[in-house]
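To start, the structure under review is shown below, and the notes come after it.
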């Protein structure tokens, strides 16, 4: 059996390859190509919330906001505590006609905020935005240093 896995590769090996390829393409701002890689990775593990979040990020980056929203909502159906999906959905809603709908998603993100050092700027961005939406911070407060979804790959 090991011989066949070496010869043809295992499903897990192909998933990692497609997923890693997608991550590299996103880092190079090749979002359409990354979307293809993530879709191939998703074929190997249907419903994988990590891959789905990456697909939603690609959709957002290429301007397919409705598809991104649907994908984030699908992730939240599978994993209601997904901080990355709450973060992405919140900032889509902030840019919409009903930014107040972002509040519960920002609260959920902050309740399960990632603790990694490289996620700190996202957490601060979410706190500032939530305070502004609640009217707790002046609208003249300094803008977050990161644009929407910058380095979003690191938020889980």
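In our numbering, the protein residues as written are 164 to 319. Note that the Cβ used here is the ideal one computed from N, Cα and C, for glycine as well.
Excluding the five sequence neighbours on either side, which residues of its own chain have a C-beta within less than 8 Å of the C-beta of residue i, listed in chain order?
i           : result
residue 222 : 198, 228, 230, 231 and 234
residue 296 : 257, 262, 263, 265, 266 and 269
Short of 6 Å in beta carbon distance, which residues of its chain neighbour residue i, apart from the five on each side in sequence? Order them along the chain.
i           : result
residue 181 : 200, 203 and 204
Using only the alpha-carbon positions, how far apart do residue i and residue j sit?
i           : j           : result
residue 226 : residue 273 : 26 Å
residue 238 : residue 248 : 7 Å
residue 216 : residue 299 : 30 Å
residue 265 : residue 184 : 31 Å
residue 288 : residue 207 : 34 Å
If you run the structure through DSSP and keep just helix, strand and coil, what is residue i?
i           : result
residue 209 : coil
residue 193 : coil
residue 180 : helix
residue 256 : helix
residue 266 : helix
residue 300 : coil
residue 245 : coil
List the whole-angstrom C-beta distance separating residue i from residue j, where the pair is believed to meet the contact cut-off of C-beta under 8 Å.
i           : j           : result
residue 189 : residue 220 : 7 Å
residue 260 : residue 293 : Going by Cβ atoms, the distance from residue 260 to residue 293 rounds to 19 Å, so no, they are not a contact pair.
In chain order, what residues of the same chain lie with their CB nearer than 7 Å to the CB of residue i, ignoring the 5 residues before and after it?
i           : result
residue 187 : none
residue 194 : 221, 224 and 225
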